[in-house]
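Top line first, the protein sequences correspond to chains A and B.
Under this note's numbering, think of the first position of the first sequence as 9, with each following residue one higher.
Under this note's numbering, think of the first position of the second sequence as 9, with each following residue one higher.
Think of the CB as a built atom: it goes at the ideal place given N, C-alpha and C, for glycine as much as any other residue.
Given the structure is predicted, the values throughout are model-derived calculations rather than measurements.
In what follows, a single structure is set out as structure tokens and then discussed.
Number of protein chains: 2
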Amino acid sequence: MSGHRTTEAGSHDQRTWDHRWGFADTQFIVHPDGAVELTGDRYPLCGYRMYDFVPYVEEVLGIRLDLRDIKPERTPKPIPPPVRNEPFLAELSGSLREDQFSTGDRERLIHSHGQTTTDEVYRVLYEQLDRYADLVIYPESEADVVRGVELAARHHVCLVPFGGGTSVSCALSLPGNETRMIAVVDLRRMNRIEWIDRENLRACVQAGIRGMDLEEALRREGYTCGHEPDSIELSTLGGWIATNASGMKKNRYGNIEQIVEKVRLVTPAGVVEHLQSLPRVSMGIQPQCLAFGSEGNLGLITSAVIKIFPKPEVTRYGSLVFPSMEHGIRFLHELAHTGFVPASIRLVDNIQFRFGLALKAHTEGMAAFLDRLKKFFVTRIKGFDPDQMVAATIVMEGSRDEVEYQQENLYRLAGRFHGLAAGAEAGRRGYMLTYAIAYIRDFVAQYHIIGETFETSVPWSQIDRVCRAVQEKAAEQHRAFKLPGKFYVSYRITQIYHTGVCIYFMYGLYTKGVDRPAEVFGRIEHSLREVILANGGSISHHHGVGKLRKDFMGATLSPAAVELVRQIKQAVDPDNVFGIRNNIFAG
Amino acid sequence: MSGHRTTEAGSHDQRTWDHRWGFADTQFIVHPDGAVELTGDRYPLCGYRMYDFVPYVEEVLGIRLDLRDIKPERTPKPIPPPVRNEPFLAELSGSLREDQFSTGDRERLIHSHGQTTTDEVYRVLYEQLDRYADLVIYPESEADVVRGVELAARHHVCLVPFGGGTSVSCALSLPGNETRMIAVVDLRRMNRIEWIDRENLRACVQAGIRGMDLEEALRREGYTCGHEPDSIELSTLGGWIATNASGMKKNRYGNIEQIVEKVRLVTPAGVVEHLQSLPRVSMGIQPQCLAFGSEGNLGLITSAVIKIFPKPEVTRYGSLVFPSMEHGIRFLHELAHTGFVPASIRLVDNIQFRFGLALKAHTEGMAAFLDRLKKFFVTRIKGFDPDQMVAATIVMEGSRDEVEYQQENLYRLAGRFHGLAAGAEAGRRGYMLTYAIAYIRDFVAQYHIIGETFETSVPWSQIDRVCRAVQEKAAEQHRAFKLPGKFYVSYRITQIYHTGVCIYFMYGLYTKGVDRPAEVFGRIEHSLREVILANGGSISHHHGVGKLRKDFMGATLSPAAVELVRQIKQAVDPDNVFGIRNNIFAG
């Protein structure tokens with residue numbers, strides 16, 4: 009592998025959208041007959057007509073969509089001339105090639121936001137941002153990074169680490185009050201696997217590698233890292249560490265903090281790192297732990313030693329249906345404490361279950377399917393209501409024996425909670441849907457529908473309380489803002505732990521005719537997070553805090569803990585070179 | 009549960025030795041016929057005559073023991089009058105009951121050391137310590153702790169957290185150059201379970217609870233914590249966190265950092281803590297992680313929320329023998345990457361295997377056993393040499409099905425590496441031996457034998473190199489110091505991980521006639537640690553750094569990381585109230 013040379017931001021073989029989510033060959037379009045289709049051939053969802061998509065949206069939001077009424081994107085984009093720190097630029101050009109930095113408007117714009125729906129994507133498409141990057145730098149080695157940090161510190165330039173650009177917490181929103189030149193450091197050319205240690209099953213990897221590229225490169229060598237966040241196609245190893253990411257298959261491979269053995273964090277005070285890569289140590293305070301969740305506040309993560317695993321002998325999908333969410337949750341609770349937890353299990357509520365059906369081809373559409381299902385369940389099993397039933401999708405990985413053992417026990421246990429096996433294909437489709445979510449967001453946004461996902465971790469006992477509180481608060485806010493149609497709240501349980509779970513919510517609003525829709529959406533989202541915390545949920549399970557959730561840090565850390573984090577920042581970055589101001593540093 | 013009131017240090021129902029390891033009802037004694045016996049009835053090893061013990065020691069050390077030649081303990085102990093900070097003492101007596109603090113010589117002495125063989129136990133028994141505690145405080149609530157920290161900060165008193173007193177890294181050695189009054193804070197009266205959350209399987213526990221008491225209390229409620237360090241009888245929850253402890257059954261229950269969800273750390277700058285106890289979060293930098301391995305440098309850990317598990321349906325022991333260490337290690341490597349890793353598996357080398365036999369009752373003594381074994385193996389299996397063969401001990405826990413699954417697969421896999429099942433009883437005995445090790449140390453010390461254990465974590469590829477390097481260095485040092493007899497080096501692999509293992513060494517020397525034996529031992533131990541690090545081993549797997557291993561921190565953390573840890577200390581404890589000076593703070 010070698011660093012790629014294009015200056016197209018985010019590109020690596022494939023072109024991505026400048027501001028929307030994902031790959032430019034992929035978007036939902038509407039045919040004249042009202043059918044929706046996902047273009048390209050990247051996903052199993054691509055290339056066929058979905059006739060139930062629009063009716064589903066209309067049903068759940070209680071609206072009629074006018075498919076010709078497309079919200080116009082603002083063009084050209086307003087972008088002010090860059091702040092130029094000439095001495096810095098002069099020294100930088102002495103140490104980097106010309107194609108390693110850019111002040112071009114398009115690159116600046118692309119690097120001025122993440123993927124938070126209203127605060128970033130909506131604003132860059134339809135309105136404007138508070139602040140734009142003044143410069144984009146593409147380091148190709150740690151030496152480039154170290155030199156860049158030195159120069160930035162000397163010349164009072166603000167540096168912002170940038171990986172996949174997939175943040176949904178406004179962690180990449182540039183602070184409006186930053187008067188220094190802001191140089192966004194795009195790490196994606198640092199995407200090499202430096203070495204693979206086959207005997208000890210680990211690899212040293214540069215932090216700018218994207219998840220999919222990492223997996224491809226490892227698989228060519230017979231390995232997998234196993235970290236599969238929903239953003240895996242675009243997000244980077246460094247970004248995973250900086251946000252304390254979680255992967256779908258964490259039951260088998262661990263979350264990012266279990267996958268990474270060693271991190272290099274380049275700060276203005278030097279490289280903070282442990283000098284050995286070891287399975288487990290008692291070495292006193294482990295400062296490396298501070299890189300996890302650092303959200304760009306402390307420095308640039310340049311590489312990490314990660315665990316790797318031989319490609320599993322078997323990967324098998326599965327799915328289950330349960331009469332109700334309650335049954336499904338009780339099943340998960342029991343499963344979490346057994347010895348046959350599969351690599352991944354997700355439980356989606358009835359609304360998402362039906363959404364999955366709505367995305368099928370017409371012949372297999374919702375009405376037909378539900379009809380068939382209803383007949384089956386009504387005749388065969390008492391108490392299965394198509395408007396109540398929920399589904400779990402499963403991925404099992406490992407040796408053939410291990411997967412057999414999991415499958416056998418898993419399905420037997422599910423039976424105790426009235427769960428029924430619903431086939432491997434339904435499981436596989438469930439996971440594929442994950443990659444489509446953000447494209448759907450961008451598709452419906454054109455029709456004045458603002459949709460966002462947010463997640464939390466909660467103890468088992470609080471699942472129901474948190475979900476009901478979100479539902480009730482959403483209803484209350486809908487009335488208070490006198491919004492059209494109905495709101496959309498749906499959730500799934502995406503991770504199970506010994507003491508609790510991750511709940512992943514989808515929330516959507518129809519905003520046609522609403523004054524300042526993005527602001528209204530933001531205020532409601534804030535109030536939903538408030539009730540999540542009030543009912544025992546966390547500030548975030550894996551998205552992070554960024555700027556979006558900064559107001560809730562007071563409920564998260566004790567005052568002395570907040571002050572300690574401030575002093576840690578002061579210790580490694582006294583001049584605030586890394587001035588992205590996330591988390592407790594947000595204004 | 010309620011706090012106990014005795015001021016006997018370390019006592020809780022049972023009396024412990026003041027300076028030696030463990031319970032005062034338990035010690036090895038020699039009968040006139042040369043048989044050795046462990047007194048009391050606390051362990052399966054107690055109450056019978058071991059005729060092979062002395063011959064074993066004589067064989068492995070190449071010496072003849074004179075059992076009447078007992079090294080005389082120094083009595084009375086030299087202990088200087090305490091440094092008294094009168095204003096502090098005056099205010100303290102205003103806030104604590106009289107039985108909550110003591111300046112008595114015996115209590116001061118007991119609280120002036122841990123269990124490091126030469127630097128602490130040897131010196132307190134036979135020589136003297138550099139520095140003695142001036143005061144011992146017994147807080148009974150977090151309010152007591154907070155008040156104590158406030159007073160200490162105001163009056164310039166040095167505070168030293170004290171749990172089970174089982175440190176083997178000189179973490180409890182008081183700094184000789186400390187001129188302030190040193191108040192050792194014995195947390196063991198803070199030993200209550202504050203609450204049990206059955207639905208979410210966790211409990212909030214005061215940090216001074218000892219492992220055995222925690223387990224007993226939890227088991228009464230139907231639960232286990234599952235953390236079983238070898239010191240479980242004496243060490244405390246707070247000590248586990250402060251040293252980043254590892255438990256025997258970590259494969260099932262996790263090491264301490266996986267068991268603890270939330271910690272309260274009382275520092276002079278306030279209570280550093282996360283405000284919610286959650287399965288997993290992305291909340292930005294997590295300052296709580298700094299408590300793990302803090303080794304008394306930052307503050308006092310007062311309580312923690314820990315995971316608990318329903319008592320396992322089945323606990324089953326097992327054992328295996330392999331023709332050689334190499335076979336055993338290859339088996340462990342394969343096992344570590346399967347789905348049937350048991351709660352615990354340990355592989356002991358031939359020397360320890362034979363030691364286990366030497367501790368049997370006479371009728372089952374080594375000679376007879378080896379003879380039987382030899383006949384069996386020679387006739388049945390080619391290549392099993394009693395002088396080469398090694399043994400693995402196994403603990404499986406979980407549901408009946410899970411344990412069956414593990415056992416079946418485990419033994420089948422072992423077969424591929426010429427492993428043979430050697431029975432549950434041998435496995436159980438192997439684990440019981442763990443508790444006897446430190447008593448043996450204290451027993452042989454009387455006869456001029458200094459023995460110590462030390463551990464390291466290493467990648468799989470370095471196991472052989474590290475073990476050989478230790479062996480060679482020990483031999484070289486033995487010659488260089490012209491020491492009598494032979495040295496004793498034996499090791500076991502006590503933990504397996506994805507990328508490596510924990511190796512636990514035992515090292516012993518006969519020092520009769522040696523000038524300054526403790527110093528010689530210390531220098532050799534230091535040189536062994538040097539070669540461990542030079543060959544890819546860590547500074548420690550679970551004992552910690554304390555003062556014993558301080559010289560190796562430069563090989564462990566980058567300079568910027570060391571400076572960051574200094575600044576963290578500065579942030580929470582600017583006046584060095586917690587002046588125990590471990591790790592990078594050691595002189």
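Name, please, each residue of chain A whose Cβ falls closer than 9 Å to the Cβ of residue i.
i      : result
B/C178 : Within 9 Å Cβ-Cβ: nothing; B/C178 doesn't reach chain A, min ~13 Å.
B/T275 : A568, L572
B/V62  : Chain A residues near B/V62: none, gap ~35 Å exceeds 9 Å.
Pick out whichever of the options has its Cα sitting closest to the Cα of residue i.
i      : options                        : result
B/R57  : B/G42, B/Y64, B/E66            : B/G42
A/T310 : A/L180, A/Y261, A/G156         : A/G156
A/F451 : A/E67, A/M397, A/I78, A/P40    : A/I78
A/A253 : A/P320, A/Q294, A/G172, A/K520 : A/G172
B/I249 : B/A569, B/S120, B/A344, B/H550 : B/H550
A/V280 : A/G431, A/A429, A/V154, A/P567 : A/V154
A/L308 : A/I471, A/A568, A/R272, A/K257 : A/R272
A/M561 : A/N584, A/V509, A/Q575, A/R537 : A/R537
A/A160 : A/Q296, A/I314, A/E334, A/F96  : A/F96
A/G55  : A/P525, A/A369, A/K490         : A/A369
B/G184 : B/A211, B/I314, B/P88          : B/P88
B/K315 : B/G122, B/R589, B/V213         : B/V213
I want to verify the contact list: residues of chain B whose CB lies under 7 Å from the CB of residue i, in sequence order.
i      : result
A/E303 : G292
A/W631 : No answer is possible for residue 631 of chain A: it lies beyond the span of chain A, which begins at 9 and ends at 595.
A/E269 : T507
A/Q353 : Sequence check: residue 353 of chain A is Ile here, not Gln. Result: empty, since nearest Cβ-Cβ is about 15 Å, beyond 7 Å.
A/Q136 : What A/Q136 touches in chain B: nothing, since even the nearest Cβ is about 28 Å away.
I want to verify the contact list: residues of chain A whose CB lies under 8 Å from the CB of residue i, in sequence order.
i      : result
B/K315 : H506, T507
B/Y413 : G347, Y413
For residue i, return the contacting residues in chain E, with the cut-off set at a CB-CB distance below 8 Å.
i      : result
A/V553 : No chain E appears in this structure, whose protein chains are A and B.
Using a C-beta to C-beta distance shorter than 7 Å, which residues of chain A count as neighbours of residue i?
i      : result
B/S465 : L286, P287, R288, V289
B/N252 : S290
Please list the partners that residue i has in chain B, where partner means a Cβ-to-Cβ separation under 9 Å.
i      : result
A/N591 : M291, G292, I293
A/A563 : L283, Q284
A/I547 : Q284, V289, S290, M291, G292
Can the beta-carbon of residue i be found closer than 7 Å to that of residue j?
i      : j      : result
B/I458 : B/F529 : yes
B/N259 : B/V349 : yes
A/D357 : A/S498 : yes
A/A215 : A/I145 : no
B/L137 : B/S110 : no
B/G347 : A/G406 : yes
B/L541 : B/A563 : yes
B/D113 : B/M189 : no
Could you tell me which residues DSSP puts in a beta bridge with residue i?
i      : result
A/M339 : Looking at the sequence itself, residue 339 of chain A is Phe, so the reference to Met does not match. None, per the DSSP bridge assignment.
B/L328 : B/A400, B/A429
B/L195 : Per DSSP, none; premise fails for B/L195.
A/S175 : None, per the DSSP bridge assignment.
B/I457 : B/Y518
B/E405 : B/T323
B/W203 : B/C212
At a cut-off of 6 Å, is residue i close to the ligand SAH when judged by its beta-carbon and the heavy atoms of the ligand?
i      : result
B/S254 : As far as ligands go, the structure on display features none, and thus does not contain the ligand SAH.
Original post:
For the stretch 330 to 349 of chain B against the stretch 281 to 295 of chain B, are there 3 or more C-beta pairs whose distance is under 8 Å?
Top reply: Under the 8 Å Cβ criterion, the stretch 330 to 349 of chain B does not count as touching the stretch 281 to 295 of chain B, having fewer than three qualifying pairs.
**OP:** Check whether the stretch 167 to 184 of chain B touches the stretch 289 to 308 of chain B, taking contact to mean three or more Cβ pairs, one atom from each stretch, closer than 8 Å.
**Re:** Using a Cβ-Cβ distance cut-off of 8 Å, the stretch 167 to 184 of chain B and the stretch 289 to 308 of chain B are in contact, since at least three pairs of beta carbons, one from each stretch, lie closer than that value.
**OP:** Would you check if the stretch 511 to 530 of chain B and the stretch 480 to 500 of chain B touch, i.e. whether three or more CB-CB distances between them fall below 8 Å?
**Re:** As far as the Cβ criterion goes, the stretch 480 to 500 of chain B touches the stretch 511 to 530 of chain B, which means the pair count is three or higher.
Original post:
Are at least three pairs of beta-carbons, each pair with one atom in the stretch 175 to 183 of chain A and one in the stretch 123 to 135 of chain A, less than 8 Å apart?
Top reply: Contact holds: three or more Cβ-Cβ distances are below 8 Å.
Original post:
Contact between the stretch 235 to 245 of chain B and the stretch 218 to 225 of chain B: three or more CB pairs below 8 Å?
Top reply: Touching, per the Cβ criterion.
**OP:** Could you tell me whether the stretch 424 to 436 of chain A touches the stretch 425 to 438 of chain B, using the rule of 3 or more Cβ pairs below 8 Å?
**Re:** With the cut-off at 8 Å, the stretch 424 to 436 of chain A and the stretch 425 to 438 of chain B do not touch.
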